[in-house]
Amino acid sequence: MAKHLELGVEGGNLAAKYLESKGYTILDRNWRWRKAEVDLFVRGENKLILVEVKTRSRSLEQEEDLISENKALLLQSALEAYMKEKNISLEARIDLIKIEMPNKLKHFKAAVQASFE
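Per our numbering, numbering of the sequence shown is gapless, rising by one per residue and ending at 1159.
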(Lines of atoms letter the chains of each structure in order from A and count residues from 1; the text may use other names and numbers.)
(Lines give C-alpha, C1' and ligand atoms only; values in the text may rest on other atoms or scores of the structure.)
Protein backbone atom coordinates (compact mmCIF):
# COMPACT_ATOMS: atom_id res chain seq x y z
CA MET A 1 0.00 0.00 0.00
CA ALA A 2 1.26 3.49 -0.83
CA LYS A 3 2.57 5.50 2.12
CA HIS A 4 -0.10 8.23 1.84
CA LEU A 5 -2.83 5.57 1.84
CA GLU A 6 -1.31 3.91 4.91
CA LEU A 7 -1.28 7.31 6.62
CA GLY A 8 -4.96 7.79 5.78
CA VAL A 9 -5.91 4.36 7.13
CA GLU A 10 -3.94 4.98 10.32
CA GLY A 11 -5.58 8.39 10.74
CA GLY A 12 -9.04 6.90 10.22
CA ASN A 13 -8.32 4.27 12.87
CA LEU A 14 -7.10 6.91 15.34
CA ALA A 15 -10.16 9.08 14.71
CA ALA A 16 -12.52 6.12 15.20
CA LYS A 17 -10.83 5.12 18.48
CA TYR A 18 -10.96 8.73 19.69
CA LEU A 19 -14.66 9.07 18.88
CA GLU A 20 -15.51 5.74 20.52
CA SER A 21 -13.62 6.83 23.64
CA LYS A 22 -15.87 9.92 23.73
CA GLY A 23 -19.04 7.80 23.57
CA TYR A 24 -19.80 8.00 19.85
CA THR A 25 -20.97 4.90 17.98
CA ILE A 26 -19.33 4.17 14.62
CA LEU A 27 -22.02 3.47 12.01
CA ASP A 28 -19.98 3.35 8.79
CA ARG A 29 -16.44 3.84 7.55
CA ASN A 30 -15.28 4.78 4.06
CA TRP A 31 -18.85 5.05 2.76
CA ARG A 32 -18.97 5.88 -0.94
CA TRP A 33 -21.55 7.98 -2.74
CA ARG A 34 -20.96 9.36 -6.23
CA LYS A 35 -17.61 11.21 -6.06
CA ALA A 36 -17.56 11.28 -2.26
CA GLU A 37 -15.91 8.90 0.15
CA VAL A 38 -17.04 9.67 3.68
CA ASP A 39 -14.43 8.74 6.27
CA LEU A 40 -16.83 8.10 9.16
CA PHE A 41 -20.49 8.24 10.03
CA VAL A 42 -21.05 8.23 13.77
CA ARG A 43 -23.94 8.65 16.16
CA GLY A 44 -23.53 10.73 19.27
CA GLU A 45 -25.15 13.59 21.15
CA ASN A 46 -28.43 12.29 19.66
CA LYS A 47 -27.16 13.33 16.21
CA LEU A 48 -25.92 11.72 13.03
CA ILE A 49 -22.43 13.05 12.38
CA LEU A 50 -20.42 12.85 9.18
CA VAL A 51 -16.73 13.04 10.08
CA GLU A 52 -14.08 14.16 7.60
CA VAL A 53 -10.61 13.03 8.73
CA LYS A 54 -7.50 14.91 7.58
CA THR A 55 -4.26 13.12 8.43
CA ARG A 56 -0.83 14.60 7.77
CA SER A 57 2.74 13.87 8.72
CA ARG A 58 3.45 17.62 8.88
CA SER A 59 1.80 20.73 10.30
CA LEU A 60 -1.91 21.11 9.58
CA GLU A 61 -1.94 24.87 9.41
CA GLN A 62 -1.78 25.09 5.60
CA GLU A 63 -4.87 26.33 3.79
CA GLU A 64 -5.15 23.13 1.75
CA ASP A 65 -5.92 21.26 4.97
CA LEU A 66 -9.26 23.03 5.34
CA ILE A 67 -12.47 21.74 3.79
CA SER A 68 -13.00 23.57 0.51
CA GLU A 69 -16.39 24.95 -0.46
CA ASN A 70 -16.75 22.30 -3.18
CA LYS A 71 -15.84 19.51 -0.74
CA ALA A 72 -18.31 20.93 1.80
CA LEU A 73 -21.12 20.85 -0.76
CA LEU A 74 -20.22 17.28 -1.73
CA LEU A 75 -20.18 16.19 1.93
CA GLN A 76 -23.56 17.87 2.55
CA SER A 77 -25.05 15.99 -0.41
CA ALA A 78 -23.49 12.72 0.77
CA LEU A 79 -24.93 13.26 4.25
CA GLU A 80 -28.41 13.82 2.83
CA ALA A 81 -28.07 10.69 0.65
CA TYR A 82 -26.90 8.60 3.62
CA MET A 83 -29.81 9.77 5.76
CA LYS A 84 -32.26 8.89 2.99
CA GLU A 85 -30.65 5.50 2.24
CA LYS A 86 -30.55 4.49 5.92
CA ASN A 87 -33.91 6.12 6.74
CA ILE A 88 -32.37 8.26 9.50
CA SER A 89 -34.30 11.26 10.79
CA LEU A 90 -31.93 12.71 13.37
CA GLU A 91 -30.43 16.17 13.53
CA ALA A 92 -27.11 15.99 11.65
CA ARG A 93 -23.84 17.83 11.32
CA ILE A 94 -20.43 17.60 9.66
CA ASP A 95 -17.33 17.47 11.84
CA LEU A 96 -13.64 17.61 11.00
CA ILE A 97 -10.89 15.71 12.76
CA LYS A 98 -7.37 16.87 11.97
CA ILE A 99 -4.54 14.53 12.85
CA GLU A 100 -0.89 15.49 12.75
CA MET A 101 1.12 12.31 13.16
CA PRO A 102 2.19 10.81 15.38
CA ASN A 103 -0.16 11.99 18.13
CA LYS A 104 -1.82 15.39 17.68
CA LEU A 105 -5.60 15.25 17.15
CA LYS A 106 -8.11 18.11 17.01
CA HIS A 107 -11.87 17.63 16.76
CA PHE A 108 -13.83 20.47 15.18
CA LYS A 109 -17.57 20.04 15.73
CA ALA A 110 -19.86 21.48 13.05
CA ALA A 111 -16.86 22.33 10.87
CA VAL A 112 -19.19 22.74 7.90
CA GLN A 113 -22.13 25.01 8.64
CA ALA A 114 -25.31 23.41 7.37
CA SER A 115 -28.76 22.57 8.63
CA PHE A 116 -30.03 19.01 8.33
CA GLU A 117 -33.10 17.65 10.04
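From the three backbone atoms N, C-alpha and C, an ideal C-beta is built for every residue, glycine too.
Reduced DSSP secondary structure (H/G/I, E/B, other) of residue i
{"i": "Lys-1151", "result": "strand"}
{"i": "Leu-1132", "result": "coil"}
{"i": "Glu-1173", "result": "With the chain covering only 1043 through 1159, there is no way to say anything about residue 1173."}
{"i": "Leu-1049", "result": "helix"}
{"i": "Leu-1108", "result": "coil"}
Minimum Cβ-Cβ distance from residue i to chain C less than 8 Å
{"i": "Ala-1057", "result": "This model lacks chain C altogether; it includes just one protein chain."}
Nearest-angstrom Cα separation, counted from residue j out to residue i
{"i": "Leu-1108", "j": "Pro-1144", "result": "20 Å"}
{"i": "Ala-1057", "j": "Asn-1129", "result": "25 Å"}
{"i": "Lys-1140", "j": "Lys-1151", "result": "11 Å"}
{"i": "Glu-1087", "j": "Tyr-1066", "result": "8 Å"}
{"i": "Glu-1111", "j": "Glu-1048", "result": "26 Å"}
{"i": "Asn-1160", "j": "Glu-1142", "result": "In the structure displayed, the chain extends from 1043 to 1159; residue 1160 sits before or after that span and is not available."}
{"i": "Arg-1074", "j": "Ala-1123", "result": "10 Å"}
{"i": "Leu-1082", "j": "Gly-1054", "result": "8 Å"}
{"i": "Glu-1133", "j": "Leu-1121", "result": "11 Å"}
Residue burial classification, residue i (beta-carbon count within 10 angstroms, cutoff 16)
{"i": "Arg-1100", "result": "exposed"}
{"i": "Thr-1097", "result": "buried"}
{"i": "Lys-1148", "result": "exposed"}
{"i": "Glu-1094", "result": "buried"}
{"i": "Val-1084", "result": "buried"}
Touching by the beta-carbon criterion (3+ pairs, under 8 Å), the region 1108–1120 and the region 1063–1078: yes
Those runs of the alpha helix (DSSP H) which lie wholly inside the region 1064–1105 and span at least 4 residues: none
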